[in-house]
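Chains as they are written, first to last, in our numbering: chain A, 61 to 435; chain B, 61 to 435.
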């Protein structure tokens, strides 16, 4: 096992009706005014906005709201929200929505206490030294943003989809009520399943130092996602499956899947970020296209682990059978596995490669091979 | 899944040489003087004391030391240390040792800021409202105390072995260097294995609400303990196995094994606490006697889970086969499974039952049946 530091100070409030206490949770931190960030107006129709408003008022917390965050969130929106946060002198950011809203909120929390150009933090030109406290009610289980210090934002002008990380942008308190996630469409459910699995497999397959404890831990998350996705496609109201799916999503990217491992990278995410920055495809859908293609190209570098994956997750005996089983499962649940499902073909491959943020030790030739596997 | 709050603010510094930074870690909290609590003088012989002293000095942290904590630590020792901590006006407690030293240190941290009788906190007569910050270097993987808010202490006069819990006594920073744990004797290695497995199975078998995610998570810890214990018996210097064993121990009692479950209890621990309070047997050794006996009595209450355990952990097909496989494994590694191995027999059973802290919904008749299984 490799040396590591593990620290995750986010408090998770998980379960039914927990969102009704959001005002109480925020008041524990002495906060008197928040910026409430959200996406579509759906939260006004389904009553969540009212619930939040009521809880904030009961706890004498003022708020101003900022809606309109889109998926694959863009830096332009974040800039507008930072302006509002500064003008309104809010003391914290409250995110109500999915990972896009939360990632935007984290960035707003940084920008609200800085006079620097916000994109410079994503370019590594500026370091995060302070941020407003962040609270959230997460309405989609996928990104794991509710229990980590990452935020991913797209620069719509430069077509860069980059991320920031800081211990200062872990949410103080994340509310995860599986019931709030049951209205997610079937499409977004299966894209989320793909996203969670992608978070799991990057470290699992690429780490130079890996432990069996860790492999078993990750396989348990993947098996949970596979089992509960199938239940939820049939019955979106299954609370128990919805809960396990949500908790698996949180654990897939809260730092626990890679502790003690070393030398891992995120090639699938890097390739997908180029894809979704260029063509605005849903992140999880892009990942289910990239993963089997990357796995077919990569598996010989770590065949022992691919055989373990095949056996433990799908009861198969060879690396290739495991990869095909995953691809078949993606097809079965209805998340894309081919570029043509996005109306993309070989003509787009060079553009995707050109737009990659970094090469992650993969040469252009190899990237072509990977993307050719996805045709 | 049941509603839950999850919050674990302990920072873990895991790996080789991490103890050399202990002064730096403590100085991050602005602490200028600590009480260094330890057990036997072994840490002076093996150089750990010197390493700690050097790091504290380099970071201008004064210290006074308090040695002599024994396993199954007693409240008398804790009282002496509290007196010293108050007289010396220390600002934090630094524990260097195993779970007994750390549990004592947590109690000292509470007592140092209180004028109440310290045992009253264990009796529930006093509530913990403040505590000095706690830091530790853990030299034995077993209790999980390095990442939780529990402390277990024995009142040597009343023969009560009770615990306290508070979010205020999570260690601020825990140093886990597997290399420091390799000098643990073979006996204590196998007792530790038993202790970790006991932490896992209590919730796993007794919870009224259980999730498959959780069951898989727990099984991965148990399987890791079984695999790495066997490696470490053969080769105590196997760093990788030592690391996995240590990290499994931490995760077995840091709150992650029971999140989302409900209605669980700790019958094996309660029975064992009576046993070790009366006869001072090593905690893990007591547990490996109690567990198979309790399992044979209990399994029909939750046969589905016992069959799952048999299958997933030992590749067996029935509840009884799983229990026998665990008992056989305890025998194989050399941790006791019968009361007679402590020179106890049927004459002691009523004394053990009489000394139980609470009945945990188990009647006297049933306790007799359980303990008879252990003869």
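All C-beta atoms, glycine included, are put in the ideal place defined by N, C-alpha and C.
- Chain B places no beta carbon closer than 9 Å to that of residue 170 of chain A, leaving this residue out of the contacts.
- Judged by DSSP secondary structure, residue 74 of chain A falls within the beta strand (DSSP E) whose first and last residues are 64-74.
- Taking 8 Å as the upper bound on Cβ-Cβ separation, chain B lies near no residue of the segment 246-264 of chain A.
- Close partners of residue 287 of chain B in chain A (Cβ separation under 8 Å): 272.
- When secondary structure is reduced to three states using DSSP, residue 230 of chain B falls in the coil class, being assigned neither helix nor strand.
- By the CB criterion at 9 Å, residue 95 of chain A and residue 141 of chain A fall inside the cutoff.
- Annotation note: the segment 210-288 of chain B contains the following uninterrupted beta strand (DSSP E) runs of length 3 or greater, listed N- to C-terminal: 210-215, 220-225, 233-236.
- For residue 320 of chain A, the closest Cβ of chain B is nearer than 9 Å.
- When only Cα atoms are considered, residue 155 of chain B and residue 69 of chain B end up about 18 Å apart.
- In this structure, the alpha-carbon of residue 384 of chain A lies about 17 Å from that of residue 399 of chain A.
- Assignment of residue 124 of chain B by DSSP, reduced to helix, strand and coil, places it in the strand class.
- Setting aside the 5 residues that flank it on each side, residue 228 of chain B is surrounded in the same chain by 188, 190, 191, each with a C-beta closer than 7 Å to its C-beta; the list follows chain order.
- In the structure shown, residue 159 of chain B falls within a helical segment according to DSSP collapsed to helix, strand and coil.
- With fewer than 16 other beta carbons inside 10 angstroms of its own, residue 89 of chain A counts as exposed.
- Residue 428 of chain B sits close to residue 409 of chain B, with the two beta carbons spaced by under 9 Å.
- Residue contact with chain A for residue 61 of chain B: present (Cβ-Cβ distance below 9 Å to some residue of chain A).
- At a cut-off of 4 residues, the continuous stretches assigned as alpha helix (DSSP H) that sit fully inside the segment 286-339 of chain B are 299-312, 327-339.
- A contact between stretches requires three or more CB pairs, one per stretch, nearer than 8 Å, and the segment 98-106 of chain A fails this requirement with the segment 66-80 of chain A.
- Close partners of residue 76 of chain A in chain B (Cβ separation under 9 Å): 63.
- Counting the other CB atoms within 10 Å of its CB gives residue 423 of chain A a total below 16, which places it among the exposed residues.
- DSSP links residue 96 of chain B through a beta bridge to B:125, B:154.
- Comparing C-alpha distances from residue 233 of chain A to each of A:217, A:250, A:207, A:211 shows the shortest one belongs to A:207.
- The straight-line gap separating the alpha-carbon atoms of residue 358 of chain A and residue 277 of chain A is approximately 22 Å.
- Against chain A, the CB of residue 69 of chain B has a partner CB under 9 Å away; the residue lies at that interface.
- The beta-carbon of residue 280 of chain A is placed less than 9 Å from the nearest beta-carbon of chain B.
- Proximity of residue 276 of chain B to chain A, defined by a Cβ-Cβ separation below 9 Å, is satisfied.
- The C-alpha of residue 111 of chain A is placed about 18 Å away from the C-alpha of residue 162 of chain A.
- Under a 10 Å Cβ-count criterion, residue 176 of chain A is classified as exposed, with fewer than 16 other Cβ atoms of the shown protein chains found around its own Cβ.
- Check the Cα spacing between residue 261 of chain A and each of A:327, A:377, A:390, A:290: the tightest is with A:327.
- Contact of residue 284 of chain B with chain A by beta-carbon distance below 8 Å involves 272, 273, 276.
- For the options A:135, A:99, A:127, A:93, the alpha carbon positioned closest to that of residue 116 of chain A is the one of A:93.
- Residue state for residue 130 of chain A is assigned as coil, using DSSP reduced to three classes.
- Put simply, the backbone Cα of residue 217 of chain A is about 13 Å away from that of residue 334 of chain A.
- Of the residues assessed, residue 406 of chain A falls on the exposed side of the cut-off, its CB having fewer than 16 other CB atoms within 10 angstroms.
- Among the residues of chain A, none has a CB under 8 Å from the CB of residue 179 of chain B; the nearest is roughly 31 Å distant.
- Pairing residue 127 of chain A with residue 99 of chain A, the inter-Cα distance amounts to about 5 Å.
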